[in-house]
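*Asks:*
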Ligand SMILES: Nc1nc2c(ncn2[C@@H]2O[C@H](COP(=O)(O)OP(=O)(O)OP(=O)(O)O)[C@@H](O)[C@H]2O)c(=O)[nH]1
Ligand SMILES: [Mg+2]
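Residue numbers (UniProt numbering): 1 to 264.
In structure tokens form, the structure reads like this:
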């Protein structure tokens, strides 16, 4: 019997998609999962999807959680959402407020990253193997820092743009995030954004396997690095999440020309 071309089961990766109401989280997700587009807006409470993709010769099983952006549904934002391997933080390039709203999620994710680094450090001291995505040895606590990618969505609406690409990129870099501009409507950088996420998760896991907990290169490459990793002592200094932003509603999509999408 000939061996099958890909005997390995797909590598699981979990991704939480977050951001302000109406910025396009569901539209990006449905583009990826079902190649679907609608200009209707139906606010999400929480939806889960899974999809398999082949990237760099390997299969990945992506479990996606599309979360609520509208404030009235944010109570549903379960702590389990914070257990993801990666976070896609979406804003709308036609709304500066939607970029500001990402600070709330970024603070939550950085707290989670801090916890994972503490777990990894404890596991290392106890001589346990790093884990966090395959149910490895030890206490079961997650130890691989989460990957953060920012998507400036609706880049087809150039005439209504409020956030220049350079501003989005700068915001992302300052917080150790990767950056892409996307359009769910015109299907710009959708696959590319998820491929970037997969590559960064693979890299984060590789570094964790090597026992790299505190690495400036990790930060530059868009892997979350909480404050104390820069050399300050941890001291459990947890940033207080800012107040959740006001819920906003968007009308349907308007057709606009888009120029070249920006990615780093
Ligand atoms: N022009 C344009 N419109 C978009 C794009 N992505 C989403 N929209 C529109 O923006 C509106 C909101 O999109 P959703 O995907 O539902 O937004 P959401 O972030 O999931 O919103 P919540 O579930 O409330 O958090 C809808 O009318 C979409 O059609 C895009 O890339 N371009
Ligand atoms: Mg939604």
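All C-beta atoms in this analysis are idealised placements derived from N, C-alpha and C, irrespective of residue type, glycine included.
Measuring only the C-alpha atoms, how far is residue 183 from residue 189?
*Replies:* As a first step, residue 183 is located in the chain shown; it is residue number 183 there, counting from the start. As a first step, residue 189 is located in the chain shown; it is residue number 189 there, counting from the start. C-alpha separation (whole angstroms): 7 Å.
*Asks:* Would residue 55 and residue 205 qualify as a contact pair, given that the criterion is a beta-carbon distance under 9 Å?
*Replies:* Locating residue 55 in the chain shown gives position 55, where the first residue counts as 1. Locating residue 205 in the chain shown gives position 205, where the first residue counts as 1. Result no, Cβ atoms of residue 55 and residue 205 do not sit closer than 9 Å.
*Asks:* Taking the DSSP output, what are the residues bridged to residue 67?
*Replies:* Indexing the chain shown from 1 puts residue 67 at position 67. 46, per the DSSP bridge assignment.
*Asks:* Rounded to whole angstroms, what's the CA-CA distance from residue 118 to residue 141? Just pull it up for me.
*Replies:* Position 118 of the chain shown, counted from the start, is the residue given in the question as residue 118. Position 141 of the chain shown, counted from the start, is the residue given in the question as residue 141. Their Cα atoms are separated by approximately 10 Å.
*Asks:* If residue 20 sits next to residue 101, beta carbons under 8 Å apart, how far is it from one beta carbon to the other, in whole angstroms?
*Replies:* Counting from one through the chain shown, the residue named residue 20 turns up at place 20. Counting from one through the chain shown, the residue named residue 101 turns up at place 101. About 4 Å separates the two Cβ atoms, so the contact holds.
*Asks:* Within its chain, find whatever has a CB closer than 6 Å to the CB of residue 89; leave out the 5 residues flanking it on each side and keep chain order.
*Replies:* The residue given as residue 89 occupies position 89 in the chain shown. Excluding residues within five positions, the ones whose Cβ falls inside 6 Å are 18, 19, 102, 105 and 150.
*Asks:* According to the neighbour-count rule (16 or more other Cβ atoms, all chains shown, within 10 Å of its Cβ), is residue 67 buried or exposed?
*Replies:* Counting from one through the chain shown, the residue named residue 67 turns up at place 67. Looking at its Cβ environment, which holds 16 or more other Cβ atoms inside 10 Å, residue 67 is buried.
*Asks:* Do the CB positions of residue 208 and residue 93 come within less than 9 Å of each other?
*Replies:* Taking the chain shown and counting its residues from 1, the one referred to as residue 208 is at position 208. Taking the chain shown and counting its residues from 1, the one referred to as residue 93 is at position 93. No, they are not a contact pair.
*Asks:* Going by DSSP in three states, residue 25 sits in which element: helix, strand or coil?
*Replies:* Here residue 25 is taken as the residue at index 25 of the chain shown, counted from 1. If DSSP states are grouped into helix, strand and coil, residue 25 belongs with the helices.
*Asks:* Need the endpoints of the alpha helix (DSSP H) that residue 117 sits in, please.
*Replies:* As a working mapping, residue 117 is identified with position 117 in the chain shown. Per DSSP, residue 117 belongs to the alpha helix (DSSP H) from 102-125.
*Asks:* So what's residue 60 in DSSP terms, helix, strand or just coil?
*Replies:* Locating residue 60 in the chain shown gives position 60, counting from the first residue. Collapsing the DSSP output to three states places residue 60 in a strand.
*Asks:* Give me the Cα-Cα distance between residue 185 and residue 191, rounded to the nearest whole angstrom.
*Replies:* On the chain shown, residue 185 is found 185 positions in, with the first residue counted as 1. On the chain shown, residue 191 is found 191 positions in, with the first residue counted as 1. Cα-Cα distance, rounded: 13 Å.
*Asks:* Hey, residue 12 and residue 52 are a contact pair by Cβ (cut 8 Å); roughly how many whole angstroms apart?
*Replies:* The residue labelled residue 12 in the question sits at position 12 within the chain shown. The residue labelled residue 52 in the question sits at position 52 within the chain shown. Not confirmed; about 10 Å, so no contact.
*Asks:* Based on the DSSP output, what are the partners of residue 89 in its beta bridges?
*Replies:* Working through the chain shown from its first residue, we reach residue 89 at position 89. 18 and 150, per the DSSP bridge assignment.
*Asks:* Could you round the C-beta distance between residue 64 and residue 29 to whole angstroms and report it? I think they count as a contact, below 8 Å.
*Replies:* Within the chain shown, residue 64 is the residue found at index 64, counting from 1. Within the chain shown, residue 29 is the residue found at index 29, counting from 1. The pair is a contact, with the Cβ atoms about 6 Å apart (cut-off 8 Å).
*Asks:* Buried or exposed for residue 123, going by 16 or more other Cβ atoms inside 10 Å?
*Replies:* As a first step, residue 123 must be located in the chain shown, where it is residue number 123. Its Cβ being crowded by 16 or more others within 10 Å, residue 123 is buried.
*Asks:* Using a Cβ-based criterion (distance less than 8 Å to any ligand heavy atom), does residue 68 qualify as near ligand 2?
*Replies:* Along the chain shown, one-based indexing puts residue 68 at 68. Because some heavy atom of ligand 2 lies under 8 Å away, the Cβ of residue 68 counts as near it: yes.
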